[in-house]
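Read the structure below first, then the notes.
Number of protein chains: 2
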Amino acid sequence: MTTDTHRRHVLGGIAAGIAAAGLPRLAGAAEPGRKFGYAVVGLGSYATRQIMPQFKGCDHARLVALVSGTPAKLEQYGTEYDIPRMHRYSYADFDRIRDNPDIDAVYIILPNAMHAEYTIRAARAGKHVMCEKPMAVSAVECEAMIAACKRANRKLMIGYRCRFEPYNKLAIELARGGHVGQTRIINAEHGFYAQPNQWRLDRALSGGGSLMDIGIYSLNAARYLTGEEPIEVSAVESTDRSDPRFRTVEDRINFLLRFPSGIEAMCVSSYNSAHNAYRVVGKDGWIDMEPATQYDGHVMHIRKDGVVTPRVLPAPRRNQFQAQLDHLPESVFANTQPITAGEEGLADLRVMEAIYRSAREGRHVKMGA
Amino acid sequence: MTTDTHRRHVLGGIAAGIAAAGLPRLAGAAEPGRKFGYAVVGLGSYATRQIMPQFKGCDHARLVALVSGTPAKLEQYGTEYDIPRMHRYSYADFDRIRDNPDIDAVYIILPNAMHAEYTIRAARAGKHVMCEKPMAVSAVECEAMIAACKRANRKLMIGYRCRFEPYNKLAIELARGGHVGQTRIINAEHGFYAQPNQWRLDRALSGGGSLMDIGIYSLNAARYLTGEEPIEVSAVESTDRSDPRFRTVEDRINFLLRFPSGIEAMCVSSYNSAHNAYRVVGKDGWIDMEPATQYDGHVMHIRKDGVVTPRVLPAPRRNQFQAQLDHLPESVFANTQPITAGEEGLADLRVMEAIYRSAREGRHVKMGA
Chain A
16 MTTDTHRRHV LGGIAAGIAA AGLPRLAGAA EPGRKFGYAV VGLGSYATRQ IMPQFKGCDH
76 ARLVALVSGT PAKLEQYGTE YDIPRMHRYS YADFDRIRDN PDIDAVYIIL PNAMHAEYTI
136 RAARAGKHVM CEKPMAVSAV ECEAMIAACK RANRKLMIGY RCRFEPYNKL AIELARGGHV
196 GQTRIINAEH GFYAQPNQWR LDRALSGGGS LMDIGIYSLN AARYLTGEEP IEVSAVESTD
256 RSDPRFRTVE DRINFLLRFP SGIEAMCVSS YNSAHNAYRV VGKDGWIDME PATQYDGHVM
316 HIRKDGVVTP RVLPAPRRNQ FQAQLDHLPE SVFANTQPIT AGEEGLADLR VMEAIYRSAR
376 EGRHVKMGA
Chain B
16 MTTDTHRRHV LGGIAAGIAA AGLPRLAGAA EPGRKFGYAV VGLGSYATRQ IMPQFKGCDH
76 ARLVALVSGT PAKLEQYGTE YDIPRMHRYS YADFDRIRDN PDIDAVYIIL PNAMHAEYTI
136 RAARAGKHVM CEKPMAVSAV ECEAMIAACK RANRKLMIGY RCRFEPYNKL AIELARGGHV
196 GQTRIINAEH GFYAQPNQWR LDRALSGGGS LMDIGIYSLN AARYLTGEEP IEVSAVESTD
256 RSDPRFRTVE DRINFLLRFP SGIEAMCVSS YNSAHNAYRV VGKDGWIDME PATQYDGHVM
316 HIRKDGVVTP RVLPAPRRNQ FQAQLDHLPE SVFANTQPIT AGEEGLADLR VMEAIYRSAR
376 EGRHVKMGA
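These protein sequences, in sequence, are chains A and B.
Each number in the working numbering corresponds to the 1-based position in the first sequence with 15 added.
Each number in the working numbering corresponds to the 1-based position in the second sequence with 15 added.
This is the structure in structure tokens:
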């Protein structure tokens, strides 16, 4: 009893779910003060600049291992983050993570086309999985990933960091709660000017262009701000194939979504112009975010009954990255579904496939039809 | 010679075009100080609240006659604007305007479905025509209107007031001039909450719903900000037919446009939420207007190289309504095509028909195909 009470105290109450979770491999996680161990898979810019520096601010997560195909990166970041040599893996070594009890989960930050393979291999190695978005390059791959994690009784979570960001959380609450009246129109725009010579512009690695990389934020926002799944999709693509950046992937692909309640969303996805904004328009006003989904610096304005007011939130104790990293262990300990589970990634991929089909075939695509 | 010089002085130089115009009926317009006479046709809210009060600020236009089916309105506004009884007409009397040399043009501010008939009758009566937008309820009607005015050797101008509004004129100049880099994306949103029981909601009079009334601003902005004609159109409609307002006309109809240069426009048209904005996004930033096309209170912001700056223009000597009213006589005197000639209204109607077809048939519509 005393030990249990102590655990609950240390883990902020979430350890109480461990017994219910029935996950013997994680028994170690219940040791007082022991944090959930992540192996980061892929040491590119997002992993090394955005994710790895965040572990120090997490309540439940720590960085315990690194996976990379570049020995120099393993050396550099292994030293920087104090990761013992036996916790540094090449891709050839990857499956040996099975034998490392310090690794509770992998965080897959690889090119999109590699997400499915490494998720499935991680699940087979008995590890929980955090996987960057897009979850994979096809819905079929997503389904295989979900099945593999289910079979292994491991959690699968997709790195939709915005769902852990306070302004976006508030926007969801206000939009779904009808703060500016029932939502009628959603406008979501995401884009940036893509620099040449990067894996994002190689379809074999990325699976697609702006939609896969940045347009997914417009789509995901439309879905999380409504809480609904689109029933009709129409997309128009504009790509200059003579631009060397766009030999294999699309530049701009804008899309319209119709939702069951009648909400219409209008979404921008661009590799040729900078966009980071959304607006939820209801009968009585709007909720506007610009920047909406950046790493920081979010700005919210609300127009209600003709008056525009800025809404400023206090800085959170944990930022969106830290809250996301903590959410997987929280879900494991409580044995609950992560709010951005594999099913969420699959839902986006299904719509993205419909968006591509609509642009390609020049017709509207009904979802689920 | 002396008289000619005097005329030029009085009419600000534009009278010089009169001889070239070869319009004998307008000889009277060259009398020193004589302004171009309009008959306003239809005394609804837009005519009486927005247009008629503007003549006093015009350089070249004056209100000389009224046409209405409601004797009480003719009495009220005839008295208010000092219009002699013989210059007040019912619709049955309309063709008698032919015999009134004070009337140089009509300004048609009737329900959309009546635009074609009254434009054609006015042209046959030898009068120039200013016609409110949408020009008509079909492209075929627009073509008939253009042909009728051409046959009568009269000018036909559509009331696209934004083309005479300083912020919109500057936005056009900046967008087409590449001030924020080559345009990549245009976002245009127009909508309002439609009150029940008005002719706009009766398809027989309006020819359609939000697109005809307010969505046309999104479309026209996309066209004037690019200076191009769309080559592909895709639209998704969302209308709750159980809402008594939307028994015969559409509520929301959003549309995507692709232009020859690769620009993609994303347009909102809504009868269920308030929107009045556009943004031109180029490689290096954007030009944002909100409100964009209202009667007044325009606000422009420009983002360039990461810095957002408001742009404030001095109040113009003539507002957009006055400049629009003056543009028809200016075009007549100079014998030039109005910048918002019938062809401009026809171009919008052609795209609007494609928008409706796309939404109805669930497919993209190629223009000119």
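We treat Cβ as the ideally placed atom computed from N, Cα and C, and that holds for glycine.
Since residue i meets chain A, which of its residues come closer than 8 Å, beta carbon to beta carbon?
i, result
"His290 of chain B", "Ile200, Val296"
"Arg267 of chain B", "Arg199, Ile200, Gly277, Glu279"
"Val144 of chain B", "Near Val144 of chain B there are no residues of chain A at all, since even the closest Cβ is about 35 Å away, more than 8 Å."
If I follow the unbroken alpha helix (DSSP H) through residue i, where does it start and stop?
i, result
"Tyr286 of chain B", "That residue, Tyr286 of chain B, is in no alpha helix (DSSP H); it is neither H nor E in DSSP."
"Pro344 of chain A", "335-349"
"Leu220 of chain A", "218-221"
"Arg139 of chain B", "130-139"
"Leu240 of chain A", "231-241"
"Arg372 of chain A", "357-376"
"Arg166 of chain B", "154-166"
Is any heavy atom of the ligand GTP found at a distance shorter than 8 Å from the C-beta of residue i?
i, result
"Ser225 of chain B", "Although the ligand GTP was asked about, the structure shown includes no ligands whatsoever."
Check this for me: beta carbons of residue i and residue j, under 9 Å apart or not?
i, j, result
"Tyr106 of chain B", "Gly141 of chain B", "no"
"Tyr208 of chain B", "Asn287 of chain B", "yes"
"Gly383 of chain B", "Met150 of chain B", "no"
"Met281 of chain A", "Met281 of chain B", "yes"
"Phe51 of chain A", "Leu271 of chain A", "no"
"Glu247 of chain A", "Ile268 of chain A", "no"
"Gln69 of chain B", "Asn334 of chain B", "yes"
"Asp156 of chain A", "Ala131 of chain A", "Here residue 156 of chain A turns out to be Glu, not Asp, going by the sequence shown. Contact flag set, yes."
"Leu171 of chain A", "Ala356 of chain A", "yes"
"Tyr122 of chain B", "Arg111 of chain B", "no"
"Ile229 of chain A", "His205 of chain A", "yes"
"Asp255 of chain B", "Gly242 of chain A", "no"
"Tyr61 of chain B", "Glu147 of chain B", "yes"
"Pro275 of chain A", "Pro211 of chain A", "no"
"Tyr182 of chain A", "Met304 of chain A", "yes"
What is the C-beta distance between residue i and residue j, in whole angstroms, given that I count them as a contact (C-beta under 8 Å)?
i, j, result
"Glu265 of chain B", "Ser225 of chain B", "6 Å"
"Ala163 of chain B", "Ile118 of chain B", "Rounded, the Cβ-Cβ distance is 17 Å, inconsistent with contact."
"Ser233 of chain B", "Val283 of chain B", "6 Å"
"Glu244 of chain B", "Ala362 of chain B", "6 Å"
"Ser153 of chain A", "Leu364 of chain A", "7 Å"
"Tyr53 of chain A", "Ala87 of chain A", "Between Ala87 of chain A and Tyr53 of chain A the Cβ distance is about 22 Å, and since that is not below 8 Å, they are no contact."
"Arg169 of chain B", "Val144 of chain B", "6 Å"
"Phe336 of chain B", "Gln65 of chain B", "6 Å"
Between which two residues does the beta strand (DSSP E) containing residue i stretch?
i, result
"Lys319 of chain B", "315-319"
"Val121 of chain B", "120-123"
"Ser249 of chain B", "247-253"
"Gly300 of chain A", "300-304"
"Leu272 of chain B", "267-273"
"Asn202 of chain B", "198-206"
"His143 of chain B", "143-146"
"Tyr53 of chain A", "51-56"
"Pro181 of chain B", "Taken as a continuous stretch (DSSP letters only), Pro181 of chain B belongs to no beta strand (DSSP E), being part of the alpha helix (DSSP H) at 181-191."
"Leu171 of chain A", "171-173"
"Ala87 of chain A", "From DSSP, Ala87 of chain A is part of no beta strand (DSSP E) but of the alpha helix (DSSP H) over 86-95."
"Ala76 of chain A", "76-82"
Identify the contact partners of residue i in chain B, using a Cβ-Cβ distance below 9 Å as the criterion.
i, result
"Glu204 of chain A", "Ile200, Asn202, Met281, Arg294, Val296"
"Leu271 of chain A", "Ser249, Ala250, Val251, Asn269, Phe270, Leu271, Met281"
Check the Cβ of residue i against every Cβ in chain B and list those closer than 7 Å, keeping chain order.
i, result
"Asp255 of chain A", "Gly277"
"Gly377 of chain A", "Arg378, His379"
"Asn287 of chain A", "Arg199, Lys298"
Since residue i meets chain A, which of its residues come closer than 7 Å, beta carbon to beta carbon?
i, result
"Glu95 of chain B", "What Glu95 of chain B touches in chain A: nothing, since even the nearest Cβ is about 30 Å away."
"Tyr208 of chain B", "Lys298"
Residues of chain B with CB closer than 8 Å to the CB of residue i, please, in chain order.
i, result
"Asn235 of chain A", "Going along chain B, no residue has its Cβ under 8 Å from Asn235 of chain A, so there is no contact; the nearest lies around 18 Å."
Q: Report yes or no: do the region 213-221 of chain B and the region 114-133 of chain B share at least 3 C-beta pairs separated by less than 8 Å?
A: yes
Q: Decide yes or no for the touch test of the region 49-58 of chain B against the region 305-324 of chain B: beta carbon pairs closer than 8 Å, at least 3 of them.
A: no
Q) Would the region 89-109 of chain A and the region 351-370 of chain A be scored as touching if the rule is three or more Cβ pairs under 8 Å? A) no
Q.
Is it the case that the region 131-141 of chain A contacts the region 326-333 of chain A, given that we only count it when at least three CB pairs across the two stretches are under 8 Å?
A. no
Q) Taking three-plus beta-carbon pairs below 8 Å as touching, is the region 344-359 of chain B in contact with the region 337-352 of chain A? A) no
Q. Touch check for the region 298-312 of chain A and the region 193-200 of chain A: three-plus C-beta pairs under 8 Å?
A. Yes, they touch.
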